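Protein chains in written order, with UniProt numbering: chain F, 1 to 185; chain Y, 1 to 185.
Number of protein chains: 2
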Amino acid sequence: MNPQHAKQDFPVSDIRRYLEPGPVVLVSSAWQGDTNIMTLGWHTVMAFSPALVGCMISAGNHSHGMIEKSRECVINLPTAALTDAVVGIGNSTGDTVDKFTEFGLTKSEASEVAAPLIPECHANFECRLFDDSLVDEYAFFIFEVVKAHVAPLPVHPDTLHYKGDGLFMVAGETIDRHDGFTKVS
Amino acid sequence: MNPQHAKQDFPVSDIRRYLEPGPVVLVSSAWQGDTNIMTLGWHTVMAFSPALVGCMISAGNHSHGMIEKSRECVINLPTAALTDAVVGIGNSTGDTVDKFTEFGLTKSEASEVAAPLIPECHANFECRLFDDSLVDEYAFFIFEVVKAHVAPLPVHPDTLHYKGDGLFMVAGETIDRHDGFTKVS
Numbered sequence: 001m002n003p004q005h006a007k008q009d010f011p012v013s014d015i016r017r018y019l020e021p022g023p024v025v026l027v028s029s030a031w032q033g034d035t036n037i038m039t040l041g042w043h044t045v046m047a048f049s050p051a052l053v054g055c056m057i058s059a060g061n062h063s064h065g066m067i068e069k070s071r072e073c074v075i076n077l078p079t080a081a082l083t084d085a086v087v088g089i090g091n092s093t094g095d096t097v098d099k100f101t102e103f104g105l106t107k108s109e110a111s112e113v114a115a116p117l118i119p120e121c122h123a124n125f126e127c128r129l130f131d132d133s134l135v136d137e138y139a140f141f142i143f144e145v146v147k148a149h150v151a152p153l154p155v156h157p158d159t160l161h162y163k164g165d166g167l168f169m170v171a172g173e174t175i176d177r178h179d180g181f182t183k184v185s
Numbered sequence: 001m002n003p004q005h006a007k008q009d010f011p012v013s014d015i016r017r018y019l020e021p022g023p024v025v026l027v028s029s030a031w032q033g034d035t036n037i038m039t040l041g042w043h044t045v046m047a048f049s050p051a052l053v054g055c056m057i058s059a060g061n062h063s064h065g066m067i068e069k070s071r072e073c074v075i076n077l078p079t080a081a082l083t084d085a086v087v088g089i090g091n092s093t094g095d096t097v098d099k100f101t102e103f104g105l106t107k108s109e110a111s112e113v114a115a116p117l118i119p120e121c122h123a124n125f126e127c128r129l130f131d132d133s134l135v136d137e138y139a140f141f142i143f144e145v146v147k148a149h150v151a152p153l154p155v156h157p158d159t160l161h162y163k164g165d166g167l168f169m170v171a172g173e174t175i176d177r178h179d180g181f182t183k184v185s
């Protein structure tokens, strides 16, 4: 494995550090021997503990049914080095394409779920479906992150943030306003 | 008014352009003559039309009750020029502080809701509560954006993206991958 892809265990209650800034993520899933990946930009952190993340996965995606049936997925955090894969995955369908092969990504075994980790990504968050009450009406899945794997470096990965119209914002500089906080969280 | 703060009407179905990259927002509200502002990082776009945005507004916030009762708010998009206000608003409570006065922000009249617009922000999205079914359990409010006001320049505002621990990522460069899209949206 490329040493840049080596991950460390990371506290699930702190995953907001990576997801709250709003990056595009790659969601991997598995069901009955099949695997798939989708590109996703509509998600939000919902709680620290349990570590909840809400994701919009519309029924038009091949992944929707796989995740609804398996009740699991992995949220993978790509960086700008994977821009081609992020765009390609978002513009093809798992109905007809093996996206891992097509976009040169590897599958690595997760510890808590059957869906594969994508080691080329900066972080991998193993998820179980926590609440499906808004799936039928809005395609909104509330997941609990049950295990997190994060590369220790770089400390501030250059994540991609989708703006629509084929445009991505790449994460810029990080500024520290710790001194302005009464209670840092 | 500072000419930089002049806004134009903007199609509500396109607000993902500003909210999908995951910026911190300032949510303004009004109830029985009182107004308030809170800093919010946990939100996601949920649909284009109606233009839905889901927001986590925990019950510990003074704004929670005001928004639950008035069933309205304005989501305002600050830029790095407002970092001090964003931090200060997120670290004080409307129980005891008039945040507009304290942080030097102006109130401007909205057209569809009673909550005030904050003209110093790059964009203002007037919202009505669309679905409160997850408010009691998760403090998750699903709003419909009913009117959007956006400053035409800069085209790519330097939004703030919170990472926890007092750290903010400032929006970096925008890259165009339009050519990789089969159907741009």
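Here a beta-carbon is modelled for each residue, glycine too, at the ideal position from N, C-alpha and C. Only a predicted model underlies this, so the values are computations on that prediction, with no experimental measurement involved.
Can you find a C-beta in chain Y that's less than 8 Å from the C-beta of residue i?
| i | result |
| --- | --- |
| Met38 of chain F | no |
| Pro116 of chain F | no |
| Asn124 of chain F | no |
| residue 261 of chain F | This structure does not reach residue 261 of chain F, given that chain F is present from 1 up to 185, and the question cannot be answered. |
| Trp42 of chain F | yes |
| Asp165 of chain F | yes |
| His161 of chain F | yes |
| Gly104 of chain F | no |
| Gly54 of chain F | yes |
Examine chain F for any beta-carbon lying closer than 8 Å to the beta-carbon of residue i, and answer yes or no.
| i | result |
| --- | --- |
| Val87 of chain Y | yes |
| Arg71 of chain Y | no |
| Ala151 of chain Y | no |
| Leu134 of chain Y | yes |
| Arg17 of chain Y | yes |
| Val170 of chain Y | yes |
| Val45 of chain Y | yes |
| Phe140 of chain Y | yes |
Residue i and residue j look like a contact to me (Cβ under 8 Å); what is the Cβ gap, rounded to whole Å?
| i | j | result |
| --- | --- | --- |
| Gly172 of chain Y | Met66 of chain F | With a Cβ gap of about 33 Å, Gly172 of chain Y and Met66 of chain F do not count as contacting. |
| Ser54 of chain F | Gly54 of chain Y | The sequence shown places Gly at residue 54 of chain F, rather than the Ser named in the question. Indeed, because the Cβ distance is near 7 Å, the residues count as touching under 8 Å. |
| Asp176 of chain F | Gly166 of chain Y | 6 Å |
| Ser63 of chain Y | Gly94 of chain Y | 7 Å |
| Ala110 of chain F | Pro119 of chain F | Their Cβ separation, rounded to whole angstroms, is 11 Å, which puts Ala110 of chain F and Pro119 of chain F out of contact at 8 Å. |
| His161 of chain Y | Val27 of chain Y | His161 of chain Y to Val27 of chain Y, Cβ: 16 Å. No contact. |
| Cys73 of chain Y | Ser133 of chain Y | The pair is not a contact, with the Cβ atoms about 18 Å apart (cut-off 8 Å). |
| Val113 of chain Y | Glu126 of chain Y | 5 Å |
| His156 of chain Y | Thr174 of chain Y | 5 Å |
| Ile142 of chain F | Met46 of chain F | 6 Å |
| Ala51 of chain Y | Val97 of chain Y | Contact flag wrong, Cβ pair sits at about 31 Å. |
| Gly164 of chain F | Glu20 of chain Y | 7 Å |
| Phe48 of chain Y | His149 of chain Y | The pair is not a contact, with the Cβ atoms about 18 Å apart (cut-off 8 Å). |
| Leu77 of chain F | Cys121 of chain F | 5 Å |
Just the chain F side, please: which residues come within less than 7 Å of residue i by C-beta, in chain order?
| i | result |
| --- | --- |
| Asp66 of chain Y | According to the sequence shown, residue 66 of chain Y is Met rather than Asp. Within chain F, no residue comes near Met66 of chain Y; the closest Cβ sits about 21 Å away, beyond 7 Å. |
| Phe100 of chain Y | Those within 7 Å of Phe100 of chain Y in chain F number zero; the least Cβ separation is about 18 Å. |
Can you tell me whether residue i is helix, strand or coil according to DSSP?
| i | result |
| --- | --- |
| Phe100 of chain F | helix |
| Gln8 of chain F | strand |
| Glu109 of chain Y | coil |
| Gly54 of chain F | strand |
| Val146 of chain F | strand |
| Gly166 of chain F | coil |
| Val74 of chain Y | strand |
| Arg17 of chain F | helix |
| Gly180 of chain F | helix |
| His122 of chain F | coil |
| Gly172 of chain Y | strand |
| His156 of chain F | coil |
Which stretch, first to last residue, makes up the alpha helix (DSSP H) that contains residue i?
| i | result |
| --- | --- |
| Thr44 of chain Y | Note, Thr44 of chain Y: premise wrong, no alpha helix (DSSP H); beta strand (DSSP E) at 43-47. |
| Thr83 of chain F | 83-90 |
| Asp136 of chain Y | 135-138 |
Can you pull the chain F residues whose beta carbon is under 8 Å from the beta carbon of residue i, in chain order?
| i | result |
| --- | --- |
| Thr83 of chain Y | Ile175, Arg177 |
| Asp14 of chain Y | Gly164 |
What span of residues does the beta strand (DSSP E) with residue i cover, start to end?
| i | result |
| --- | --- |
| residue 191 of chain F | No answer is possible for residue 191 of chain F: the residues shown for chain F start at 1 and end at 185. |
| Leu40 of chain Y | 34-40 |
Quick one: which chain Y residues come within Cβ less than 7 Å of residue i?
| i | result |
| --- | --- |
| Pro3 of chain F | None at all; the shortest Cβ gap to chain Y is about 25 Å. |
Report the neighbours of residue i on chain Y: residues whose CB is nearer than 8 Å to its CB, in chain order.
| i | result |
| --- | --- |
| Glu20 of chain F | Gly22, Gly41, Trp42, His161, Tyr162, Lys163, Gly164 |
Using a C-beta to C-beta distance shorter than 9 Å, which residues of chain F count as neighbours of residue i?
| i | result |
| --- | --- |
| Phe181 of chain Y | Val87, Gly90, Asn91, Asp165, Gly166 |
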